[in-house]
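The next block holds one structure in the form of structure tokens; read it before the comments.
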Amino acid sequence: MAQDLRLAPKHYRQRPATKDDAQALTEVFYKSFNAKFWSYTFPDTPALRQWFEKVWHMGLDNPTDRTFVVEDTEQDGRMVAFSRWVMPQEDGNIDRSPSWPELTANECPDMDVANAFFGGMEASRHEVMGKRPHYMLELLGTHEDYQKQGIASSLIKWGTDQADIDGLETYLDASEIGQPFYEKRHDFSSRRVIDLPDRPEYGSFTYTGMVRPPQKK
115 MAQDLRLAPK HYRQRPATKD DAQALTEVFY KSFNAKFWSY TFPDTPALRQ
165 WFEKVWHMGL DNPTDRTFVV EDTEQDGRMV AFSRWVMPQE DGNIDRSPSW
215 PELTANECPD MDVANAFFGG MEASRHEVMG KRPHYMLELL GTHEDYQKQG
265 IASSLIKWGT DQADIDGLET YLDASEIGQP FYEKRHDFSS RRVIDLPDRP
315 EYGSFTYTGM VRPPQKK
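Listed below in structure tokens is the structure:
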């Protein structure tokens with residue numbers, strides 16, 4: 115069982131995202147990840163920022179998706195974190211309306227890496243979960259100024275609590291850095307490694323499909 119789960123202090127407010135949040139969500143995304151893989155695959159350019167704003171809009175239009183933001187009420191409601199959950203479908207179908215716009219070479223400098231990244235995660239989820247209904251944590255990020263304060267854990271707990279109530283598993287894809295956090299704090303276990311092409315700019319980078327069984331309260 116998870117131990118020492120630290121949750122965000124009360125002055126952080128979690129709420130559903132709206133389309134008006136798209137620009138701020140993109141800003142938090144670019145301030146959340148410092149691994150060289152991210153800056154190589156998704157460089158901070160106007161074209162990619164526009165693409166990410168489409169990502170948020172499409173997810174908010176999708177009936178299976180739930181996007182949340184966290185605000186710091188002591189800093190005039192500054193957005194500091196986000197999550198996007200994919201809700202279970204009764205028939206076990208894990209396909210859904212598109213929540214990711216087409217990514218082109220005009221936006222991404224290395225489409226081979228991008229395709230391996232997105233395609234590998236989708237293939238992993240299909241292989242690991244099959245047609246079993248489940249919750250999926252698709253996106254999670256915390257601004258670098260606000261990390262290690264329990265904010266991410268609070269966002270994760272929203273979905274895992276729902277999964278526990280429904281008696282369902284939870285799926286996510288974790289980086290090597292994030293994997294121990296999900297294992298020790300949230301009861302996930304590794305199921306499938308997603309290999310990505312090596313590049314001199316970032317070396318090697320892998321993702322791991324992880325599953326959390328429902329917990330009895």
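Okay, so the sequence shown: first residue is 115 according to my numbering, each after it adds one.
Glycine is no exception: its CB is placed at the ideal position from the N, C-alpha and C atoms.
On a predicted model such as this, the values are computed, not experimentally measured, just so you know.
Per DSSP, reduced to three states, the secondary structure at His257 is coil, with no helix or strand assignment. Along the region 130 to 178, the alpha helix (DSSP H) occurs as fully enclosed runs of 4 or more residues at 136 to 144, 150 to 155 and 160 to 175, listed in sequence order.
Per the Cβ contact rule, the region 236 to 254 is in contact with the region 282 to 295 (3 or more Cβ pairs under 8 angstroms). The bridge partners DSSP lists for Asp309 are Thr320. Beta bridge pairing from DSSP links Thr218 with no other residue.
Contact check for Ala195 and Tyr260: beta-carbon distance about 7 angstroms, within the 8 angstroms limit, so the pair qualifies. In the three-state reduction of the DSSP assignment, Ser213 falls in the coil class, being assigned neither a helical nor a strand state. According to the DSSP assignment, Arg192 belongs to the beta strand (DSSP E) that extends over Arg192 to Val200. Of the candidates Asn220, Val142 and Phe231, the residue whose Cα lies closest to the Cα of Ala266 is Val142.
A straight-line Cα-Cα distance of about 17 angstroms links Tyr126 and Ser146. In the DSSP assignment, Thr274 falls within the alpha helix (DSSP H) that extends over Ile265 to Asp280.
Inter-segment contact for the region 168 to 188 and the region 221 to 235 is absent: fewer than three beta-carbon pairs are separated by less than 8 angstroms.
By DSSP's assignment, Gln203 forms no beta bridge with any residue. When the five nearest sequence neighbours on each side are left out, the beta carbons in the same chain lying within less than 7 angstroms of the beta carbon of Phe231 are those of Thr155 and Leu310, in order along the chain.
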